[in-house]
Amino acid sequence: MKIFVGNLSRRVTQDALQQLFETFGQVATVEIISDKFSGESKGFAFIEMPTKSEAEAAMQGLNGRDMDGKSLTVNEARPRNNDRRGGGGGGERRFGGGGGGRGGERRFGGGGGNRRSW
């Protein structure tokens, strides 16, 4: 079962989380989520525990518990909602000048009609 752990101190390590959760049973994985640019912890992690009863005991026993001066939020991880981005649209994102509706055609220079520059 996958568990979400939130409100983590930026100093908490994977080893510390693993030791904390192992008091309730076997831990398969520990993943602290970090910023892809700075590498700094975003303050949450995911723990994978193969046994549902052990995972439930960990969630009940650790939710609200103090770790490194912060009260942990521990609950079952839910699949990410793909509609998290605001606005409408959806689908493929296009970066740059908007496309102009010309089906990928690019023109360079002034609107020279039939003139060719080569």
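Offset between the sequence shown (1-based) and our numbering: plus 2. By construction, the Cβ of each residue, glycine as well, lies at the ideal position given by its N, Cα and C atoms.
Residue environment, residue i, which counts as buried when at least 16 other CB atoms sit within 10 Å
{"i": "Ala-198", "result": "No information on residue 198 is available, as it lies outside the stretch 3 to 120 that the chain covers here."}
{"i": "Ala-47", "result": "buried"}
{"i": "Ala-30", "result": "exposed"}
Simplified DSSP assignment, three categories, for residue i
{"i": "Ala-47", "result": "strand"}
{"i": "Ser-11", "result": "coil"}
{"i": "Lys-72", "result": "strand"}
{"i": "Ser-36", "result": "strand"}
{"i": "Phe-23", "result": "helix"}
{"i": "Glu-42", "result": "coil"}
Cβ separation of residue i and residue j, assumed to be a contact under 8 Å, to the nearest whole Å
{"i": "Ile-34", "j": "Ser-40", "result": "That pair is no contact at about 13 Å."}
{"i": "Val-14", "j": "Asp-70", "result": "6 Å"}
{"i": "Gln-2", "j": "Met-3", "result": "Outside the shown range of the chain (3 to 120) lies residue 2, about which nothing can therefore be said."}
Top-ranked residue by Cα proximity to residue i, from the options
{"i": "Lys-72", "options": "Ile-5, Lys-4, Phe-6, Leu-10", "result": "Leu-10"}
{"i": "Ala-57", "options": "Arg-82, Glu-78, Arg-13, Asp-68", "result": "Glu-78"}
{"i": "Arg-121", "options": "Asp-17, Thr-15, Leu-64, Ile-49", "result": "Nothing can be reported for residue 121, as the shown portion of the chain is limited to 3 through 120."}
{"i": "Gln-62", "options": "Gly-45, Lys-38, Thr-25, Asn-84", "result": "Thr-25"}
{"i": "Phe-23", "options": "Phe-6, Asn-84, Asn-83, Gly-45", "result": "Phe-6"}
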